[in-house]
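As given, the protein sequences belong to chains A and B, one line each in that order. Quick note on my numbering: the first sequence kicks off at 217 and runs consecutively. Quick note on my numbering: the second sequence kicks off at 987 and runs consecutively. Everything on this sheet refers to the single structure shown next.
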Amino acid sequence: MHVDIWIAIVVAAIGTYALRVVPLLWTQRHFNKHKANNTEARLPTWLSVLGPLMIAAMLGASLIPKAPSAASWIATAIGTVVTVLVWRKFKSLGLPVFCGVLSFGVAFGIALV
Amino acid sequence: MSQLSSKSGLKQGVIDGLPLLGGYIPVAISFGVIAVQAGFSTLEATLISVFIYAGASQFLLVAMVASGAPLWLAVCMTLLVNVRHVVYAPNLVPYLPQSKAWPYLMHGLTDQIFALAHTRLPLMDDAKKVDWFKGVSMVAWLSWIVGTVLGGIAGDSLTQQWPILDSVMPFALPALFLVLLAPKFSSKLWSATLFVTMTAALFLALSAFKNAAIPLAALCGAITFYLLTSHVERKQSHAR
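Following this line, the structure appears as structure tokens:
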């Protein structure tokens, strides 16, 4: 592969890492400054609101099946309901995900037949 | 969530990261397949997964390079897709104890690791947090790398032989997001805001704005949050 393509990949890798680490360093410095002054550091409201919103956006985008069809959409709906019901009962992480995937698979298989 | 206190941080992190395998491995296999088809070797595709490690943007970069697009444009588009990451670390900082490891660990701060960390870290002892993050991000990173290698070597035959890998296992990601988001439906304000965000993301991802669906949907959610908050404040001031 050409050297210029590798340079592009290295720049993209460094840039992606910077997008992840620079905000951390900046916010940590902001919090440490407040700590040194014995004042309480808080995130701006707009930034703290964006955290849960990004997770909600990822959920919405990830609900689209890889190969959208009636069968996969029905399976998605069933998998979603089962995941929520199992979470409400057990309030854990792994079991609702496992039951959700299992019910998605079963529903998808049945819908295809 | 009581099991958080009984296990070591590393072990808990590895366990919490296991649901990610269902989503990461099939997508990484697809990346390996597409990268090889685009003219990259398996080693090159793997190195991209090791060092860039950002799902959608890797597909975009490889596709643009293969199509002969200007390299500066390919890099700019990759970074534009990844710019959403800037809000992740600041949202975690209030829960992070002092440690020199955090800047290095940020390489592993993907969408899914952020969602997990944002929900799990507030419930954890400070002493376990660094190890938990190492465990969960190592599971995710290694599964992404192994998936890319498998995709590069075995290609399409792998998903053809194991169709369940391609069609069923990826549901682990929305199921995981659902479980992480469920406790946040704590009030009418948040329920309405999150519902609008999810719906906007769903429709945007189905439209031509697929790569911008997440930040645009978050923006819709933020506008909803501020409209509802100001509506409630107006009602309260009228009532006084």
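Where a beta carbon is used, it is the ideal one built from N, C-alpha and C, also for glycine.
Let me check understanding here. Comparing Cα to Cα, which of the options lies closest to residue i?
{"i": "residue 293(A)", "options": "305(A), 278(A), 306(A), 307(A)", "result": "278(A)"}
{"i": "residue 302(A)", "options": "288(A), 318(A), 291(A), 290(A)", "result": "318(A)"}
{"i": "residue 1125(B)", "options": "994(B), 1011(B), 1213(B)", "result": "1011(B)"}
{"i": "residue 1110(B)", "options": "1066(B), 1087(B), 1082(B)", "result": "1082(B)"}
{"i": "residue 1017(B)", "options": "1038(B), 1002(B), 997(B)", "result": "1038(B)"}
{"i": "residue 993(B)", "options": "1121(B), 1068(B), 1182(B)", "result": "1121(B)"}
{"i": "residue 320(A)", "options": "288(A), 306(A), 226(A)", "result": "288(A)"}
{"i": "residue 1130(B)", "options": "1034(B), 1218(B), 1026(B)", "result": "1034(B)"}
{"i": "residue 282(A)", "options": "1112(B), 1195(B), 1157(B), 1164(B)", "result": "1157(B)"}
{"i": "residue 1048(B)", "options": "1093(B), 1036(B), 1220(B), 1026(B)", "result": "1026(B)"}
{"i": "residue 1155(B)", "options": "1191(B), 1013(B), 1055(B)", "result": "1013(B)"}
For chain B, check one thing: does any of its Cβ atoms lie closer than 8 Å to the Cβ of residue i?
{"i": "residue 301(A)", "result": "no"}
{"i": "residue 262(A)", "result": "yes"}
{"i": "residue 324(A)", "result": "yes"}
{"i": "residue 243(A)", "result": "yes"}
{"i": "residue 306(A)", "result": "no"}
{"i": "residue 297(A)", "result": "no"}
{"i": "residue 255(A)", "result": "no"}
{"i": "residue 329(A)", "result": "no"}
Against chain A, does residue i count as a neighbour if the rule is that its beta carbon must be under 8 Å from one of theirs?
{"i": "residue 1153(B)", "result": "yes"}
{"i": "residue 1111(B)", "result": "no"}
{"i": "residue 1099(B)", "result": "no"}
{"i": "residue 1103(B)", "result": "no"}
{"i": "residue 1137(B)", "result": "no"}
So, does the CB of residue i fall closer than 8 Å to a CB anywhere in chain D?
{"i": "residue 271(A)", "result": "The structure shown contains no chain D; its protein chains are A and B."}
Give me the subset of the segment 275-287 of chain A whose CB atoms are less than 9 Å from a CB atom of chain B, sorted by chain position.
275, 276, 277, 278, 279, 280, 281, 282, 283, 284
Interface positions of the segment 1189-1209 of chain B facing chain A (Cβ-Cβ less than 9 Å), listed along the chain
For the segment 1189-1209 of chain B, which is checked against every Cβ of chain A, the residues closer than 9 Å are 1189, 1190, 1191, 1192, 1196, 1199, 1200, 1201, 1202, 1203, 1204, 1205, 1206, 1207, 1208.
Near-chain B residues of the segment 218-230 of chain A - C-beta to any C-beta below 7 Å:
220, 221, 224, 225, 227, 228, 229
Indicate whether the contact test is met: 3 or more Cβ pairs, each with one atom in the segment 1051-1066 of chain B and one in the segment 254-267 of chain A, closer than 8 Å.
no
Can you check the segment 261-301 of chain A for any alpha helix (DSSP H) of at least 4 residues that lies completely inside it and give the ranges in chain order?
261-278
Identify every run of the beta strand (DSSP E) within the segment 1041-1076 of chain B, keeping only runs that are complete inside it and at least 3 residues long; order them along the chain.
none
Using 8 Å as the threshold, is the segment 236-247 of chain A in touch with the segment 1146-1163 of chain B, meaning 3 or more CB pairs across them?
Too few Cβ pairs lie closer than 8 Å, so no.
With three or more C-beta pairs closer than 8 Å as the rule, is the segment 1071-1078 of chain B touching the segment 259-273 of chain A?
yes
Members of the segment 309-321 of chain A that neighbour chain B once the beta carbon cut-off is set at 7 Å:
309, 310, 312, 313, 316, 317, 320, 321
Is it true that the segment 1024-1043 of chain B meets the segment 231-240 of chain A, where meeting means three or more beta-carbon pairs spaced less than 8 Å apart?
yes
Validate contact between the segment 1180-1194 of chain B and the segment 297-314 of chain A using beta carbons, cut 8 Å, 3 pairs:
no
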